[in-house]
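Before any comments, here is the structure.
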Amino acid sequence: MKRLAELKQAGHKAFVAYIMAGDGGIEKLGEQIRHLQERGVTAIEVGIPFSDPVADGPTIEAAGNRALSEGITLEKVLDEMQRFDFEVKVPLIIMTYLNPVIRFGAERFTQEAKKAGASGVIIPDLPFEHRQLIEPFAKQQELVLIQLVTLTTIDSRLEEILKQAEGFVYAVTVTGITGSRDELAEEVGAFTRKVRELSPVPVYAGFGISKESHVEMLRDDVDGFIVGSAIVQAFHEGRIEDVEPLIDAVTAPHSV
Amino acid sequence: MTRVKICGLMEEQHVKAASQADAIGFVFAPSKRRVSIERAQELSRLANNDMQRIGVFVNASYEEIENAVKTVPLTMVQLHGDEPDELIQRIEVPVIQAFSIRTPDDVEKLNNSIADYILVDAPGTDYRGGSGHVFDWSLLENVNLDHSRLILAGGLDRDNVQAAISQTTPFMVDVSSGVETDGRKDEAKIQQFILQAKGDSMERTKEKTIDPVGFFGRYGGQFVPETLMKAVKELEAAYKDAKNDAEFQKEYHHYLKEYVGREQPLTFAARMTEAWGGPKIYLKREDLNHTGAHKVNNAIGQALLAQRMGKRKIVAETGAGQHGVATATICALFDLDCVVFMGEEDIKRQQLNVFRMKLLGARVESVSKGSGTLKDAVNEALRYWVTNVEDTHYLIGSALGPHPFPTMVRDFQSVIGKETKRQILDKEGRLPDAIVACVGGGSNAIGMFHPFVDDEKVRLIGAEAAGEGVDTERHAATLTKGSEGVLHGAMMKLLQDDAGQVQEAHSISAGLDYPGIGPEHAHLADSGRVTYQAITDDEALASVIEMSRLEGIIPALESAHAIAEAKKQAQSMTADELLVICVSGRGDKDMATYAEKMEGLS
Ligand SMILES: Cc1ncc(COP(=O)(O)O)c(C=O)c1O
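Going down the list, the sequences are from chains A and B.
In the working numbering, each residue carries its 1-based index in the first sequence increased by 672.
In the working numbering, each residue carries its 1-based index in the second sequence increased by 4.
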C-alpha cells in the first residue's frame with residue numbers, strides 16, 4: 673500500500689476498480705484482475721458476495737446473487753487467489769461484509785487473505801467502534817483495514833477515524849448505497865476537501881462514481897476514485913472496453 | 005450512579021443473587037471467605053459477562069496475581085497489603101488499592117496512590133482486608149480527594165448504604181459482612197443492599213447489561229454502514245434522553261391508554277385450563293390492542309421519539325403486516341409520511357393488512373428479492389434509510405437491528421410484562437410459574453419476559469417457528485438451529501450456511517418468518533434464563549382451532565405458536581401452578597390462510 677502514498681506524492685490520481693469475485697464463474701476472477709492491471713488501474717477491490725448486502729445497490733447485489741448461484745464463497749475466492757499463475761502487480765483489497773468473515777474466523781481470514789496476496793480489507797458493516805473484531809488480526813498479517821467516511825460522518829468522529837487511517841481512506845460520495853448516479857451532490861467537493869486536509873493517507877472517492885463528469889468534478893479534491901457498479905456491469909455484459917475512457921480520464925497525467 | 009460490589013462470594017446462589025450488582029469480589033488472601041482460583045473460576049461463570057470480577061490479595065506475588073487474572077479471569081485486582089508501586093504498575097488490569105482510615109492524616113495517603121481506584125475501609129482487626137467496622141465517613145469530607153476513584157467499604161449494610169453514598173459520592177460501594185447472616189452470605193440481604201444502593205434507579209441499572217455500544221453479552225452492537233452511524237448515535241442519545249423524561253413517558257402512556265385501549269386484561273382461560281388438565285391458564289390479551297397486535301405499543305413510542313428528533317418521515321418493514329399496519333396507523337394519527345417495505349410473498353398471504361396500510365395512507369413497497377419475506381423487507385428498509393437518513397426515522401418493528409433498537413423496542417413492549425406482573429399479583433397474590441410467548445424477531449416475548457427476568461422462579465419459554473419441522477430445510481427455528489452471526493446491524497443468532505450466507509426462513513406465519521433473533525434473546529438463550537422451543541406449522545394451526553373453540557378467541561398464527569407450546573408445558577404442570585400465555589395478536593389478518601388450510605373444517 674506504500675505505493676499508494678508514492679503515487680499521491682508524484683501527483684498522480686489512483687483508479688481503484690471493484691469487481692464481484694466469481695460473477696460469471698470463479699475462473700473469471702483471475703482473468704478480470706489481469707485485464708484490469710494491464711489497463712493500468714492502481715488497485716483492485718475483490719468483492720465477496722453476500723446474501724444481504726445492505727450497503728449495495730441493485731447492480732452489485734445482482735452480481736453478488738449471480739456469484740452466489742455459482743457457489744462462490746469467501747473460502748473459494750481466497751483459494752483461487754492463491755492459485756493465480758500470473759504476477760499480480762497491483763494491491764488487492766478484499767471487500768466483504770462482516771458475517772462471512774466471522775463465520776470463516778477472523779484470524780483465519782486474515783491469514784488466508786495474506787497468503788492470497790491481499791494488502792487490505794474493507795468491511796462496510798464493521799464500523800470504527802467495532803474494528804477490534806478484525807483489526808488485531810489484520811495487523812498481525814500486515815493487512816490494512818480500510819476505513820470509510822461519509823457525508824454524514826460528524827467532524828469529531830471524522831478526526832478520530834482519520835487519525836487511525838491506513839492505506840487509503842474511502843470517502844463515500846453519496847448518502848446512500850452503491851450504484852451509478854447521474855450527478856453527485858454539490859456538497860461532495862467540500863466534503864472530500866475536508867477529508868483530504870485531515871487525512872494522513874490518500875483519499876479516494878467511491879460510491880456512485882461512473883462518469884467522466886464525476887471525475888472532473890472531484891479531481892482536485894481527492895487522490896483517486898473507486899469505481900464499482902460501472903465495472904461490474906461492464907464485465908457482466910462483456911463490454912469492459914466501455915470503461916476504459918474512465919480509467920484513462922483518472923490515470924492520465926493531467927495538465928494543471 | 006454509584007456502583008455496587010459484593011465481596012467475598014463463595015457460593016453459587018450468592019453469585020446469582022448479586023446479578024444486579026456491578027462487581028463481585030473473590031478473596032484469595034487468608035480469610036474465612038477465601039476461595040481457590042478454580043472455585044473463583046467456577047463461580048465467575050455464573051455472573052453476567054459485563055460483571056466486574058475482582059480478586060482480593062494481600063501481599064501476593066506478581067505471578068500469583070497474574071495467574072488468577074488469566075485463569076478466572078479477573079477484570080480488576082484489589083490489593084490490601086503493602087504492595088510496592090512496581091507491582092501495581094505491572095498488573096495489566098485496573099488495580100484497586102485499599103487503605104485503612106483512622107485519622108485525617110490517613111486520608112492524605114490516598115492521594116499518593118498510583119492505583120486506578122482507592123478503597124477506604126475501617127482498620128482491620130482480625131485480618132487484613134476489612135473488618136466490617138464502620139469508619140467515620142466525615143473524614144472524607146472537605147479533603148481534596150478524587151471521588152471518582154473512591155471505593156467505600158467497611159461496615160456498610162442495607163440500612164446505612166444510602167446515607168454513605170450521599171455523604172461521600174463514591175465510585176463504588178463494597179460490602180461483604182453487611183450482607184451476611186451468621187457469617188454466611190444471605191441472598192435477600194444481597195438483593196436488598198443492591199436495591200438500597202441503587203435506589204429507585206434500579207430500572208436503569210438493568211441497562212448495565214449493555215455496554216456503551218449496546219451489547220447483551222456477546223450479542224448486539226451497531227454493525228451498520230458508516231452512513232448510518234450518525235443516525236444511530238443520534239437515536240441512541242435521543243432515546244436515552246426521552247427515557248428519563250417524565251413528560252415523554254407520560255405522553256407515551258397517554259396514547260397507550262386513550263388510543264390503544266390499554267391496559268389489556270389478563271384473562272383467566274377456564275375452559276383451556278379444564279381441557280389441558282394442568283395449571284391455571286391466563287391469557288395476556290395483546291389481541292385486544294387497537295390494530296390487533298402488540299406491535300402498536302412500540303410504534304407509538306418510536307413515532308413520538310421520531311417527532312422529538314424532528315423527523316416526520318417514517319420507513320418501516322413488515323412481515324405479517326401487523327407492524328406495518330401499526331406504523332401506518334400511528335403515522336396517520338400524527339400526520340407523518342410513511343413508507344412500508346413488505347416481501348412479495350408476505351403481500352400475498354397478508355392481503356388484508358396490505359389494504360389496511362394503503363387505506364391508512366401509507367405507501368407499501370413490494371420486495372421481490374430473496375425469499376420475498378421479512379428479511380428482504382428489512383434489507384430494503386435499511387437501504388431506504390441509508391439513502392434518506394437525514395430526515396427519516398427507521399421505525400423497526402421487532403427487538404432487532406443496531407443498538408439502541410433492541411433495547412428501545414424492548415422498553416416500549418415491556419408494558420406487556422409490567423401489566424401482567426401487576427395483574428397476576430392482584431388475581432393470585434403471586435407470580436406465575438411459567439410464561440410462554442412466541443418469538444419472531446422477539447419483541448412481544450422480550451416485552452413480556454423482561455420484567456420477570458430477575459424473578460428466577462418464573463420459567464420463561466419462547467416459542468419459535470419450526471415450519472415444516474426443524475429437521476427439514478423449511479423452518480425459522482433460529483435458536484434451535486442457528487449460530488452466531490451479524491445481520492441487520494447486530495450480532496445475533498442466525499440461520500446461515502457454512503460460508504456465512506444467511507438462509508431463508510420458512511413459517512406459515514409471516515410474522516415468525518425471520519432467520520435471525522434479537523440479540524437479547526440470543527443472550528438469554530445462552531445464559532439459560534429463557535428456554536426456546538420450536539413449534540411446527542401444523543401444531544400452530546391446531547392451536548388456532550383449539551383456542552377459538554375453547555375460549556372464543558381467534559389468535560394470530562404467530563401467537564398460536566405460543567399456545568401450542570403452552571399446551572406442551574401444561575402436560576408437566578400441576579393444578580396449583582400458574583401458566584401465562586402472551587396472545588400477541590388476533591387472527592383476523594390470517595383468515596385467508598385459515599380458510600385455505602382448514603378447508604372442510606366442521
Ligand atoms: C401477532 C404477532 N405476534 C408476533 C409477531 C412476531 O414478532 P415479535 O417476535 O417481534 O413479537 C408478529 C409479527 O409480525 C405478530 O404480528
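Think of the CB as a built atom: it goes at the ideal place given N, C-alpha and C, for glycine as much as any other residue.
Cutting at 6 Å between CB atoms, please list the residues of its own chain near residue i, excluding the five before and the five after it.
{"i": "Lys261(B)", "result": "none"}
{"i": "Gly59(B)", "result": "Phe30, Phe32, Ala72, Leu78, Val81"}
{"i": "Ala27(B)", "result": "Lys9, Gln56, Ile58"}
{"i": "Leu144(B)", "result": "Thr172"}
{"i": "Val319(B)", "result": "Val343, Ala385, Tyr388, Trp389, Thr396, Tyr398"}
{"i": "Phe758(A)", "result": "Arg706"}
{"i": "Ala503(B)", "result": "none"}
{"i": "Ala366(B)", "result": "Ala332, Cys342, Val344"}
{"i": "Ala677(A)", "result": "none"}
{"i": "Phe252(B)", "result": "Ala246"}
{"i": "Val846(A)", "result": "Phe879, Gly880"}
Spatial neighbours of residue i within its chain, please: CB distance less than 8 Å, with the 5 preceding and 5 following residues excluded, ordered by chain position.
{"i": "Ala785(A)", "result": "Leu750, Ile766, Val793, Gln813, Leu815"}
{"i": "Gly683(A)", "result": "none"}
{"i": "Pro730(A)", "result": "Gly851"}
{"i": "Ile41(B)", "result": "Phe32, Asn71, Ala72, Thr75, Val76"}
{"i": "Val830(A)", "result": "Note that residue 830(A) is Leu in the sequence shown here, rather than Val. If we look at Leu830(A) and ignore the five residues flanking it on each side, its Cβ neighbours are Val821, Lys866, Val867, Leu870."}
{"i": "Glu211(B)", "result": "Bear in mind that a pLDDT of 41 at Glu211(B), under 50, signals an unreliable position, so the number given afterwards is only what the model happens to contain. Thr411, listed in sequence order."}
{"i": "Thr864(A)", "result": "Ala843, Thr845, Val875, Ala877, Leu890, Asp893, Val894"}
Could you pull out every residue in the same chain whose Cβ sits closer than 7 Å to the Cβ of residue i, ignoring the five residues on either side in sequence?
{"i": "Glu348(B)", "result": "Ser370, Val371, Ser372, Gly376"}
{"i": "Arg316(B)", "result": "Leu340, Asp341"}
{"i": "Ile194(B)", "result": "Ile10, His18, Ala21, Ala22, Val183"}
{"i": "Thr213(B)", "result": "Caution is warranted here: a pLDDT of 42 is assigned to Thr213(B), below 50, making its placement in the model unreliable, and the coordinate value is therefore given only provisionally. Correct list, in chain order: Asn52, Asp54, Phe220."}
{"i": "Glu562(B)", "result": "Ala324, Cys442, Gly444, Ser513, Gly515, Leu516, Ser588, Gly589"}
{"i": "Arg803(A)", "result": "Leu817"}
{"i": "Ile95(B)", "result": "Ile69, Val81"}
{"i": "Gly712(A)", "result": "Ile919, Thr923"}
The beta strand (DSSP E) that contains residue i, what's its start and end?
{"i": "Ile318(B)", "result": "317-322"}
{"i": "Gly702(A)", "result": "No beta strand (DSSP E) holds Gly702(A); the alpha helix (DSSP H) holding it covers 699-710."}
{"i": "Ser871(A)", "result": "Counting along the chain, Ser871(A) falls outside any beta strand (DSSP E), and DSSP gives it neither H nor E."}
{"i": "Ile691(A)", "result": "686-692"}
{"i": "Met767(A)", "result": "764-767"}
{"i": "Met496(B)", "result": "493-498"}
{"i": "Ala560(B)", "result": "First-last for Ala560(B): undefined, no H or E at that position."}
{"i": "Met176(B)", "result": "176-179"}
{"i": "Ser370(B)", "result": "367-371"}
Assuming the contact rule is C-beta atoms closer than 8 Å, residue i and residue j should be a hit. Round their C-beta distance to whole Å, please.
{"i": "Val183(B)", "j": "Ile10(B)", "result": "6 Å"}
{"i": "Tyr536(B)", "j": "Gly466(B)", "result": "4 Å"}
{"i": "Ala168(B)", "j": "Val177(B)", "result": "7 Å"}
{"i": "Ile893(A)", "j": "Gly848(A)", "result": "What sits at residue 893(A) in the sequence shown is Asp, not Ile. Asp893(A) to Gly848(A), Cβ: 20 Å. No contact."}
{"i": "Gly282(B)", "j": "Met577(B)", "result": "4 Å"}
{"i": "Tyr690(A)", "j": "Gly719(A)", "result": "6 Å"}
Along the chain, where does the alpha helix (DSSP H) containing residue i start, and where does it finish?
{"i": "Gln681(A)", "result": "674-681"}
{"i": "Cys335(B)", "result": "326-338"}
{"i": "Ile549(B)", "result": "541-555"}
{"i": "Ser901(A)", "result": "901-908"}
{"i": "Asp920(A)", "result": "916-923"}
{"i": "Lys20(B)", "result": "16-21"}
{"i": "Met276(B)", "result": "274-280"}
{"i": "Ser885(A)", "result": "884-890"}
{"i": "Phe756(A)", "result": "Premise fails: Phe756(A) is in no alpha helix (DSSP H) and is neither H nor E."}
{"i": "Glu68(B)", "result": "66-75"}
{"i": "Leu47(B)", "result": "41-48"}
- Task: At 3 residues or longer, and completely inside the region 782-817 of chain A: list those beta strand (DSSP E) runs for me, N to C.
- Result: 790-794
- Item | 4 or more residues per run - each alpha helix (DSSP H) lying fully within the region 816-867 of chain A | 827-835
- Run through the region 94-123 of chain B for me and flag every whole beta strand (DSSP E) of 3 or more residues, listed as ranges in chain order. 99-104
- Please list the segments of the alpha helix (DSSP H) lying wholly inside the region 222-250 of chain B, counting only runs of 4 or more residues, in order along the chain. 230-247
- Runs of alpha helix (DSSP H) lying entirely within the region 399-481 of chain B, each at least 4 residues, in chain order: 409-417, 419-432, 447-453
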